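Everything on this sheet refers to the single structure shown next.
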Amino acid sequence: MHRLNLELDAQLFEQLERSAQANNLSLEEECLRRLGGGVRHSRYVQALVAELRADEKQRRDSEQVA
186 MHRLNLELDA QLFEQLERSA QANNLSLEEE CLRRLGGGVR HSRYVQALVA
236 ELRADEKQRR DSEQVA
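Residue numbers (this note's numbering): 186 to 251.
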């Protein structure tokens, strides 16, 4: 299993919690739903995902060189 740690400001965290409750989901399930494309992503989330993907690609590339 992969682990993902996110740093969120309080406003975004509260928004995620409200959405999770409204959708009868856990906070984790709501985050996965949003990251999985279940809703239109905010620009913030899109930028975060792009950054995570770039970091992962860089990590994999550096492992292949080593």
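Each residue gets a CB set at the ideal place from its N, CA and C atoms; glycine is no exception.
In this text, all values refer to a predicted model and were calculated from it rather than measured experimentally.
Exposed or buried, what is residue i when buried is set at 16 or more other beta-carbons lying within 10 Å of its beta-carbon?
{"i": "E215", "result": "buried"}
Tell me the residue span of the alpha helix (DSSP H) that contains residue i.
{"i": "R244", "result": "R228 to V250"}
Can you tell me whether DSSP reads residue i as helix, strand or coil?
{"i": "S211", "result": "coil"}
{"i": "E192", "result": "coil"}
Rounded C-beta distance between residue i and residue j? I'm assuming under 8 Å.
{"i": "R252", "j": "V230", "result": "Nothing can be reported for residue 252, as the shown portion of the chain is limited to 186 through 251."}
{"i": "E212", "j": "A205", "result": "Note on residue identity: the sequence assigns Leu, not Glu, to residue 212. About 5 Å separates the two Cβ atoms, so the contact holds."}
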